[in-house]
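Have a look at the structure below, then the notes.
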Amino acid sequence: MTFEYSPAPESTAIVDISAQYGLFINGKFVDAKGSKTFNTINPATEKVLSKIAHAQASDVDKAVAAARTAYTKVWSKMAPQERGKYLFRIARIMQERAREFAVLETMDNGKPIRETRDIDIPLAAAHFFYHAGWADKLKYAGAGDNPRPHGVVGQIIPWNFPLLMLAWKIAPALATGNTVVLKPAETTPLTALLFAEVCQQAGLPAGVVNIVTGDGATGSALVNHPDIDKIAFTGSTGVGKGIARAIAGTGKSATLELGGKGANIVFDDSPIDQTVEGIVSGIFFNQGHVCCAGSRLLVQENVHEELIEKLKRRISQIRVGDPLDKNTDLGAINSAAQLARIKEISSSGDTEGAQRWSPECTLPEKGFWYPPTIFTGVTQANRIAQEEIFGPVLSVLTFRTPQEAIDKANNTPYGLSAGVWTEKGSRILWAAKQLKAGVIWANTFNKFDPASPFGGYKESGWGREGGRHGLAAYLKGGEK
Amino acid sequence: MRIDIRKTYKLYIGGAFPRSESGRTYEVKDAKSNFIANPAQASRKDLRDAVTAARGALGGWSSATAFNRSQILYRIAEMMEARSDEFVEEIALLEGVSRVAAKKQVNQAIDTWVWYCGWCDKISTVAGSTNPISGPFYNFTVPESLGVVGIFPAQKSALLGLVQAIAPVIAGGNTAVVVASQKFPLCAVTLSEALATSDLPGGVVNILTGITSELAPWMGAHMDVDAIDATGLSKELDKEVRVSGADNLKRIHKFSSSDTPQRMLAFMEYKTVWHPIGI
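Protein chains in written order, with our numbering: chain A, -11 to 468; chain C, 117 to 395.
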């Protein structure tokens, strides 16, 4: 049975996108050197949204200089409680302008309005609110007797949760007394630029937050800048390793939040309908553009058939289409390049002998789309079981004993997240202990909170973000 | 006059005392440049064997109860106390310091074990947390062992720097491959003899003697080493291991202070677990 829904599009009247945006340096919007620009498009329609300044190395220089001056003259001298008040202000303004942010994020990123409205934006504001309260309590944060900021922090964020990742980076950096130069992802700069306006409205001292838009070369100029004290990066493991090499011997410290290939383990006593919901949110949340996605489903053999049947029935209900429609579950793939990557890795699933299944669904003609997809009969050696696809593609493997589940789950260089589904409490705690991953979701998946540390084991990165433990990454004396 | 029996200074790998498989040794001299000993000059193969031993011992050591680990660390202090004179002798000879100064270093090293012994079953309490989630979830964070840690202790300290590097690593449930100070390696070998009689499972600590500049790049590039304490590495070697260590994102730290819980936590990972709350 299918339900026909009338279109329920969120209005875009609330956003006011300029034809062109400059860089945000020292509290003002300025042109990039040589007035270089690039376009940002709506991935659901391929329409150009705006022209964005393309920061060159000399622009990065200016931004770092502004951040340094703000650090030395203003931010490091300010009483911690006052610093915190600015963060509270920012949180409040983000809440006030939440719908505007949500619509803009959906237009620039392609993710459903339901997610930006209910998850990305409220969580981003909550992140500022949470960290604001830490600013004057750092000596209780467990980061040593004498916690001190690093100075100027260079931050590079991905396109999958543009504003939320900005919040994860900027809120703790500012709360701990650092100033920042942040580079948003090339395909999703708009909410970061709107955030710059929030900084202006909050009266944040000039230079404390600087935003430079651009591509990998801009990011590289930031990483290699001699006056940057610390790098915080979220993105691919490949780029993360490059950053680790680039800063070797420079004394710069780094937090790296990298890729994953999260195992979602289903034991035969799991509550099956609840589990199916968890599997769906584990892999199809945000089109699977999630570093901690539950992209490897490990199912105990005796419930495999029943689970897959229920899972297929549930996936058939997923609504793919206009991200601005309030009923949409799965939006657009963020870019043509990402779509090509999803197609390429997924096609290896076909050639390596796994069985592909997708529900009947009509994809819009314009824009970048990929249907929800599951592969069964996947083996550990398959590329789709090893490589991060970063799309709505689930690889299903089976196991017989609990130990086999753990061994398969840990058989990856990544270690970001894992899920465990069982009604047995002792088994949850046993599995949680065995799994080599920084975040374990038991009978739930893909949950985030400012108070909860997030970050990976092994090649999923260095350090944590969020909670008391995330503060240590921005404090000297508590390096980790 | 009786001719004394000299000790053969060997490697410590997987609980055994092999010579280097390469058959190599190098000459160690005292502060006045007199010959003292020919310790083993570990090879790449020895380092790989040591990593294999450390990886093999990791499961048992990291899952031992914190109380159990704590008792074993205390036992190490007991065994060192008994060998105190030997350590004093070696430090005085190598560093060229007085016996009083050497004794002070030995005492401090023994007390360092006692300090970290006490941390084994307290670090989770102090560094872990329960986190107030905005929703119906129970959420907690605990520090866990990281894995196999390569250790380059301070070069200029015959014993204390060594213990200050090893103790926090194994107190946190990791296993270690140690490259002893190149110039002052003898205490490291004597320490391994104390470790071997301390109920410390074989392979938890493996100690190599040899040429630091030769061993460091192999450690940096080894894909089964999870982290490195680079305290004893020169600037150049430090950079080199950080570049090659990036291949598996090794956690690489250099320390200027000791005896802080941060030194333990640098080689631990935080794990956060979520569970819904409901009827």
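Where is the CB? At the ideal position from N, CA and C, for every residue including glycine.
Can you say whether residue i is buried or exposed, counting buried as having 16 or more other CB atoms within 10 angstroms of its CB?
| i | result |
| --- | --- |
| C:Ser149 | exposed |
| A:Thr350 | exposed |
| A:Trp34 | Looking at the sequence itself, residue 34 of chain A is Glu, so the reference to Trp does not match. A:Glu34 is exposed by the Cβ-count criterion. |
| A:Glu353 | exposed |
| C:Tyr386 | buried |
| C:Ala346 | buried |
| A:Asp310 | buried |
| C:Phe371 | buried |
| A:Ala205 | exposed |
| C:Met117 | exposed |
| A:Ser414 | exposed |
| A:Pro214 | exposed |
| C:Val216 | exposed |
Please check if any C-beta of chain C sits within less than 7 angstroms of the C-beta of residue i.
| i | result |
| --- | --- |
| A:Pro347 | no |
| A:Gly142 | no |
| A:Tyr445 | yes |
| A:Lys468 | Its pLDDT being 42, under 50, A:Lys468 is placed unreliably in this model, and the coordinates cannot settle the point. |
| A:Ala472 | Since the first residue of chain A shown is -11 and the last is 468, residue 472 of chain A is not available in this structure. |
| A:Lys171 | no |
| A:Trp409 | no |
| A:Ile428 | yes |
Should residue i be flagged as near chain A, meaning a C-beta pair shorter than 7 angstroms?
| i | result |
| --- | --- |
| C:His338 | no |
| C:Tyr386 | yes |
| C:Lys145 | no |
| C:Val293 | no |
| C:Leu365 | yes |
| C:Trp390 | yes |
| C:Lys355 | yes |
| C:Gln280 | no |
| C:Ile249 | yes |
Let me check one thing: in DSSP terms, what residues is residue i bridge-paired to?
| i | result |
| --- | --- |
| C:Ala292 | C:Val265 and C:Val321 |
| A:Lys218 | A:Val141 and A:Ser241 |
| A:Trp345 | A:Ile362 |
| A:Tyr9 | A:Ile40 |
| C:Asp345 | C:Ile267 and C:His369 |
| A:Asn198 | A:Val169 |
| A:Asn27 | A:Lys39 |
| A:Gln288 | A:Phe387 |
| A:Tyr118 | Looking at the DSSP assignment, A:Tyr118 forms no beta bridge with any residue, so it has no partner. |
| A:Arg136 | A:Lys464 |
Could you pull out every residue in the same chain whose Cβ sits closer than 6 angstroms to the Cβ of residue i, ignoring the five residues on either side in sequence?
| i | result |
| --- | --- |
| A:Leu126 | Pro135 |
| C:Val265 | Val285, Asn290, Ala292, Ala343 and Phe383 |
| A:Thr400 | Lys249 |
| A:Ala161 | Val141, Val168 and Tyr462 |
| A:Leu181 | Tyr9 |
| A:Lys468 | Caution is warranted here: a pLDDT of 42 is assigned to A:Lys468, below 50, making its placement in the model unreliable, and no coordinate value can be reported. |
Could you pull the start and end residues of the beta strand (DSSP E) that residue i belongs to?
| i | result |
| --- | --- |
| A:Lys16 | Lys16 to Val18 |
| A:Glu294 | Careful: A:Glu294 lies outside any beta strand (DSSP E), inside the alpha helix (DSSP H) at His292 to Ile303. |
| C:Glu385 | Met384 to Pro392 |
| A:Lys39 | Val36 to Ala41 |
| A:Lys171 | Thr167 to Lys171 |
| C:Phe151 | Phe151 to Ala153 |
| A:Ile428 | Val427 to Ala430 |
Along the alpha helix (DSSP H) that carries residue i, what are the first and last residues, could you check?
| i | result |
| --- | --- |
| A:Ala281 | Here A:Ala281 belongs to no alpha helix (DSSP H), and DSSP marks it neither H nor E. |
| A:Leu318 | From DSSP, A:Leu318 is part of no alpha helix (DSSP H); its letter is neither H nor E. |
| C:Ala274 | Element bounds for C:Ala274: n/a, residue is neither H nor E. |
| C:Gly361 | Lys351 to Gly361 |
Which residues in the same chain as residue i place their Cβ atom closer than 7 angstroms to its Cβ, once the five residues preceding and following it in sequence are excluded?
| i | result |
| --- | --- |
| C:Asp340 | Val167, Arg171 and Val264 |
| A:Glu(-2) | Val91, Ile101, Leu312 and Lys314 |
| A:Gly247 | Ser224, Thr225, Cys279, Glu376, Tyr402 and Ser448 |
| C:Ile393 | Pro252, Phe253 and Tyr254 |
| C:Ala153 | Tyr125, Val144 and Leu302 |
| A:Thr327 | One detail in the question is off: residue 327 of chain A reads as Leu in this sequence, not Thr. These residues qualify, in order along the chain: Ile321, Phe356 and Tyr358. |
| A:Ala479 | Since the first and last residues shown for chain A are -11 and 468, residue 479 of chain A lies out of range. |
| A:Ala324 | Phe356 |
| A:Thr432 | Gly266 |
For residue i, which residues of its own chain have a beta-carbon under 8 angstroms away from its beta-carbon, when the five flanking residues on both sides are left out?
| i | result |
| --- | --- |
| A:Glu332 | none |
| C:Pro333 | Leu353, Glu356, Val357 and Ser360 |
Taking only beta-carbon atoms, is residue i less than 7 angstroms away from chain D?
| i | result |
| --- | --- |
| A:Ala159 | The question asks about chain D, but that chain is absent: this structure's protein chains are A and C. |
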